[in-house]
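Heads up, the thing below is written out as structure tokens.
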Amino acid sequence: MSPVLELDDVHLAFAGVKAVNGVSLHVDPGELFAIIGPNGAGKTSLFNVISGVYRPQRGRVRFLGQSTLGEKPSTIAGRGVARTFQNIALFEHLTVIDNLMLGRHQHIRYGAASAIAWLGRARQQEIHHRRFCEEIVDFLELEAWRRQPVGLLPYGVQKRVELGRALAMEPKLLLLDEPVAGMNLEETEDMARFVLDIRDELDVPIIMVEHDMGLVMDLADRILVVDFGTPVTTGTPAEVQTHPEVVRAYLGEEVSR
Amino acid sequence: MSTKVTGRPAFFQSYGQELALFNTRPKKVGVALVVLVAVLGPFFLQDPLLRTLSLAFVFAIGALGLNMVTGLAGQVSLGHAFFVGIGAYTAAAISGDPDARTIGFGVQEMWVWLPAAGIVAALFGVLVAPIATRLRGLYLAIVTLGLVFLGEHVFREWSSLTGGAGVGRSAADPVLFGFDFSQSSSDSSFTGPQQLYSLMLALLLVFALAARNIGRSKVGRSFAAVRDRDMAAEMMGIDLPRAKTLAFALSSFYAGCAGALLYTISGFFDPGSFSLLLSVQFIAMVLIGGAGTVGGTIAGALFVSLLPTLSRELPRFLTFLSSSPAETPNVFQVEQILYGLLIVVFLLFEPRGLYGIWVRLRTYWKSWPFSY
Numbered sequence: 017m018s019p020v021l022e023l024d025d026v027h028l029a030f031a032g033v034k035a036v037n038g039v040s041l042h043v044d045p046g047e048l049f050a051i052i053g054p055n056g057a058g059k060t061s062l063f064n065v066i067s068g069v070y071r072p073q074r075g076r077v078r079f080l081g082q083s084t085l086g087e088k089p090s091t092i093a094g095r096g097v098a099r100t101f102q103n104i105a106l107f108e109h110l111t112v113i114d115n116l117m118l119g120r121h122q123h124i125r126y127g128a129a130s131a132i133a134w135l136g137r138a139r140q141q142e143i144h145h146r147r148f149c150e151e152i153v154d155f156l157e158l159e160a161w162r163r164q165p166v167g168l169l170p171y172g173v174q175k176r177v178e179l180g181r182a183l184a185m186e187p188k189l190l191l192l193d194e195p196v197a198g199m200n201l202e203e204t205e206d207m208a209r210f211v212l213d214i215r216d217e218l219d220v221p222i223i224m225v226e227h228d229m230g231l232v233m234d235l236a237d238r239i240l241v242v243d244f245g246t247p248v249t250t251g252t253p254a255e256v257q258t259h260p261e262v263v264r265a266y267l268g269e270e271v272s273r
Numbered sequence: 109m110s111t112k113v114t115g116r117p118a119f120f121q122s123y124g125q126e127l128a129l130f131n132t133r134p135k136k137v138g139v140a141l142v143v144l145v146a147v148l149g150p151f152f153l154q155d156p157l158l159r160t161l162s163l164a165f166v167f168a169i170g171a172l173g174l175n176m177v178t179g180l181a182g183q184v185s186l187g188h189a190f191f192v193g194i195g196a197y198t199a200a201a202i203s204g205d206p207d208a209r210t211i212g213f214g215v216q217e218m219w220v221w222l223p224a225a226g227i228v229a230a231l232f233g234v235l236v237a238p239i240a241t242r243l244r245g246l247y248l249a250i251v252t253l254g255l256v257f258l259g260e261h262v263f264r265e266w267s268s269l270t271g272g273a274g275v276g277r278s279a280a281d282p283v284l285f286g287f288d289f290s291q292s293s294s295d296s297s298f299t300g301p302q303q304l305y306s307l308m309l310a311l312l313l314v315f316a317l318a319a320r321n322i323g324r325s326k327v328g329r330s331f332a333a334v335r336d337r338d339m340a341a342e343m344m345g346i347d348l349p350r351a352k353t354l355a356f357a358l359s360s361f362y363a364g365c366a367g368a369l370l371y372t373i374s375g376f377f378d379p380g381s382f383s384l385l386l387s388v389q390f391i392a393m394v395l396i397g398g399a400g401t402v403g404g405t406i407a408g409a410l411f412v413s414l415l416p417t418l419s420r421e422l423p424r425f426l427t428f429l430s431s432s433p434a435e436t437p438n439v440f441q442v443e444q445i446l447y448g449l450l451i452v453v454f455l456l457f458e459p460r461g462l463y464g465i466w467v468r469l470r471t472y473w474k475s476w477p478f479s480y
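Going down the list, the sequences are from chains A and B.
Its first residue numbered 17, the first sequence is counted upward by one per residue in the numbering used here.
Its first residue numbered 109, the second sequence is counted upward by one per residue in the numbering used here.
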């Protein structure tokens with residue numbers, strides 16, 4: 017079984033700051049892979065490397081067996097990498113449906129010419145993909161907000177819409193950047209349920225960056241711990257929890273008196 | 109099966125029904141009424157007003173173009189007058205008299221010069237677009253502002269094409285299949301202004317329909333995505349440079365067509381016409397009407413175009429205002445102040461423009477007697 021995503025010795029530095037310092041990882045089909053680490057550890061930078069926003073100075077990134085280095089974010093998205101953002105990045109003036117339809121963008125096939133005429137092809141495609149978006153609305157229980165501009169929706173719902181927008185892309189790999197940040201217990205539980213459903217029912221491998229340790233330990237198959245851009249360890253939740261370096265990164269060293 | 113549910117206008121039973129252009133009964137009836145009144149215009153309006161309205165319709169076409177790039181795609185362009193000028197000169201040159209002192213190829217047919225004007229302007233739009241892919245916000249506004257000054261200079265100096273400053277040249281002839289709309293022919297019972305009005309109205313309807321279709325399609329959605337959150341748009345697989353280039357091309361196409369048509373009404377134009385003021389007028393139309401909406405933009409264009417007609421009546425009520433440009437204060441100064449003032453007032457109190465006012469009214473009556 018060949019991995020969906022492979023990172024090999026990736027280095028990314030902004031002038032003197034080493035944001036990612038020699039990270040290697042691989043994500044297998046159907047796996048829920050978590051990345052944890054203190055603030056500023058380079059977790060979001062890793063996401064930006066995977067989705068093509070940053071180009072690492074050194075190392076290899078392979079998605080479905082092909083290198084994605086140097087490709088534009090839109091091309092990588094076209095290959096099947098979808099992501100959500102730590103600070104919600106929805107199209108705030110557009111409705112929930114329009115946001116989901118934008119997730120479908122690359123699957124909707126008609127050009128500017130047939131858009132102007134809106135006969136046959138364009139209309140047929142819009143209806144076809146609208147049906148797909150409604151299934152996501154159904155899956156994520158967004159019915160009540162369908163036609164509201166997302167900028168006006170509560171935070172928890174916006175997070176869910178963003179997840180839906182990523183799902184609308186029919187991704188082959190889903191990157192979730194702090195999916196439950198700032199949520200209350202109930203919203204967190206809902207989100208956890210959705211994440212599990214996505215992995216099990218839709219069979220989409222997921223990489224998740226998250227600070228909620230309870231959630232990470234419960235859901236993840238394997239966990240990568242990073243600290244100041246440097247990988248500390250990779251392993252199952254049980255292995256990671258007891259790893260002395262991890263404990264040190266999170267809790268600090270014991271000071272000898 | 110699709111049954112009619114009365115009293116529930118938002119109850120859609122198929123996606124086709126919901127995605128229809130006018131998806132509720134009030135919309136259908138309302139738009140039909142407005143179009144009907146507009147079509148009947150020549151039968152109850154005087155020629156001078158028809159002339160003003162024809163101009164307003166052409167301005168609306170140009171404003172729809174600016175709305176595409178600024179309202180939908182969020183790229184502030186002050187260079188709209190430049191593209192309007194390109195269109196005007198392309199059309200005038202193609203349709204012009206080959207023996208006149210200015211360049212002319214003598215092809216008077218509108219179906220040749222109108223698309224040509226749009227396409228040439230669109231090509232210039234594509235040339236300018238790379239700037240927009242590297243700059244945003246104020247910086248883009250400044251660069252497009254520079255475009256207007258470049259254009260003004262070239263138009264003024266290139267007198268074999270434009271006739272030179274203060275002289276000008278004759279505009280394209282509105283001739284379609286041998287029929288000249290600006291002239292009242294012996295076998296038609298309509299005057300020139302009546303015919304031009306009908307022509308411009310028909311063209312506006314076509315351009316507005318196309319703009320609306322672009323707006324609600326995949327293309328328009330990608331523009332709005334670029335406006336709201338360009339990085340996220342990229343993650344949806346939208347190629348930013350391509351989307352911005354397309355927005356500029358479409359917008360310039362509209363501007364070029366508007367430029368070509370604008371001066372067929374007066375028959376004559378001067379290179380000084382394509383100044384910053386023209387760009388500002390277009391911006392005023394989009395902002396006052398409601399950025400991002402087709403109906404709002406058309407309303408804004410009508411409003412701004414009819415403003416001079418109204419303000420010229422002012423001296424009757426305000427005796428200290430003069431209607432001669434030589435005296436101060438005069439109505440022309442008031443007009444200019446009004447443009448600026450209206451933009452400021454709308455941005456402060458109703459950023460969604462006339463469209464926003466309409467939405468508020470509609471919501472008020474929908475939820476009456478409750479306040480929300």
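The beta carbon of each residue, even a glycine, is placed where N, CA and C say it ideally should be.
Could you check which residue in the options has the C-alpha nearest to that of residue i?
i	options	result
B:Ser286	B:Val220, B:Arg350, B:Ala318 and B:Arg242	For the sequence presented, residue 286 of chain B should be read as Gly rather than Ser. Of the listed residues, the one whose Cα sits closest to B:Gly286 is B:Val220.
A:Val20	A:Gly46, A:Arg76, A:Ala208 and A:Ala29	A:Gly46
A:Ala182	A:Val173, A:Ile152 and A:Arg162	A:Ile152
A:Ala128	B:Arg324, B:Asp155 and B:Leu384	B:Arg324
B:Leu395	B:Val184, B:Phe191, B:Leu127 and B:Tyr123	B:Val184
B:His261	B:Ile194, B:Ile373 and B:Ala128	B:Ile194
B:Ala237	B:Pro379, B:Ala392, B:Phe356 and B:Leu172	B:Phe356
B:Ala319	B:Leu153, B:Gly149 and B:Leu180	B:Leu180
A:Asp24	A:Gly56, A:Val33 and A:Leu41	A:Leu41
B:Glu421	B:Ala399, B:Phe190, B:Val442 and B:Gly404	B:Val442
A:Arg176	A:Asp219, A:Val43 and A:Phe101	A:Phe101
A:Gln164	A:Val112, A:Ala197 and A:Gly38	A:Val112
A:Asn103	B:Arg337, B:Gly272 and B:Leu312	B:Arg337
A:His27	A:Asp44, A:Glu150 and A:Ile66	A:Ile66
B:Tyr225	B:Phe191, B:Leu243 and B:Phe213	The sequence as given places Ala at residue 225 of chain B; Tyr does not occur at that position. Nearest C-alpha to B:Ala225: B:Phe191.
So that I know if they touch, is there some Cβ in chain A lying closer than 8 angstroms to that of residue i?
i	result
B:Gln121	no
B:Val402	no
B:Gly131	In the sequence as presented, Gly is not what sits at residue 131 of chain B; that position holds Asn. It does not: the Cβ of B:Asn131 has no partner Cβ on chain A nearer than 8 angstroms.
B:Lys326	yes
B:Asn438	no
Checking contacts by CB at 8 angstroms: is residue i closer than that to chain B?
i	result
A:Asp114	yes
A:Ala128	yes
A:Ser61	no
A:Glu108	yes
A:Gly245	no
A:Ser18	no
Below 8 angstroms on the Cβ atoms is my guess for residue i versus residue j; work out the distance and round it to an integer in Å.
i	j	result
A:Met207	A:Pro221	Between A:Pro221 and A:Met207 the Cβ distance is about 18 angstroms, and since that is not below 8 angstroms, they are no contact.
B:Phe377	B:Ala168	Between B:Ala168 and B:Phe377 the Cβ distance is about 19 angstroms, and since that is not below 8 angstroms, they are no contact.
A:Leu231	A:Thr252	Their Cβ separation, rounded to whole angstroms, is 16 angstroms, which puts A:Leu231 and A:Thr252 out of contact at 8 angstroms.
A:Arg147	B:Tyr463	A:Arg147 to B:Tyr463, Cβ: 30 angstroms. No contact.
B:Ala200	B:Ala279	5 angstroms
B:Ile211	B:Leu258	20 angstroms between Cβ atoms; not a contact.
B:Leu309	B:Val147	7 angstroms
A:Ile51	A:Ile223	7 angstroms
A:Trp134	B:Asn321	4 angstroms
B:Ala333	B:Met344	7 angstroms
Using a Cβ-Cβ cut-off of 8 angstroms (strictly less than) and excluding sequence neighbours within five positions of residue i, which residues of its own chain qualify?
i	result
A:Leu85	Arg71, Pro72, Arg76 and Val77
A:Gly53	Lys59, Val241, Val242, Asp243, Val248 and Ala265
B:Trp473	none
B:Val228	Ile194, Gly195, Thr198 and Gly364
B:Gly149	Leu158, Leu161, Tyr305 and Leu309
A:Met199	Tyr171, Gly172, Lys175 and Met207
Which same chain residues end up closer than 6 angstroms to residue i when comparing Cβ atoms and leaving out the 5 residues on each side of it in sequence?
i	result
B:Gln303	Phe289
B:Met109	For B:Met109, the predicted model reports a pLDDT of 47, less than 50, meaning its position is unreliable; a value from the coordinates is still stated below. Result list for B:Met109: empty, nothing under 6 angstroms.
B:Leu469	none
B:Gly187	Thr252, Leu255 and Val256
Which same chain residues, not among the five before or five after residue i, have their C-beta less than 7 angstroms away from its C-beta?
i	result
B:Asp393	Inspection of the sequence shows that residue 393 of chain B is occupied by Met rather than by Asp. Cβ within range, chain order: Phe167, Ala171, Thr405, Gly408, Ala409 and Val412.
B:Pro223	none
A:Ile124	Gln141 and His145
A:Val256	Ile239, Val241, Thr249 and Val262
**OP:** Would you check if the stretch 203-223 of chain B and the stretch 441-450 of chain B touch, i.e. whether three or more CB-CB distances between them fall below 8 angstroms?
**Re:** Because the criterion of three Cβ pairs below 8 angstroms is not met, the stretch 441-450 of chain B and the stretch 203-223 of chain B do not touch.
Original post:
Are the stretch 108-119 of chain A and the stretch 325-335 of chain B touching, with three or more C-beta to C-beta distances below 8 angstroms?
Top reply: yes
Original post:
Three or more beta-carbon pairs under 8 angstroms between the stretch 126-136 of chain B and the stretch 151-165 of chain B, yes or no?
Top reply: Because the criterion of three Cβ pairs below 8 angstroms is not met, the stretch 126-136 of chain B and the stretch 151-165 of chain B do not touch.
**OP:** Indicate whether the contact test is met: 3 or more Cβ pairs, each with one atom in the stretch 241-248 of chain B and one in the stretch 378-385 of chain B, closer than 8 angstroms.
**Re:** The answer is no - the stretch 378-385 of chain B does not touch the stretch 241-248 of chain B, with fewer than three Cβ pairs under 8 angstroms.
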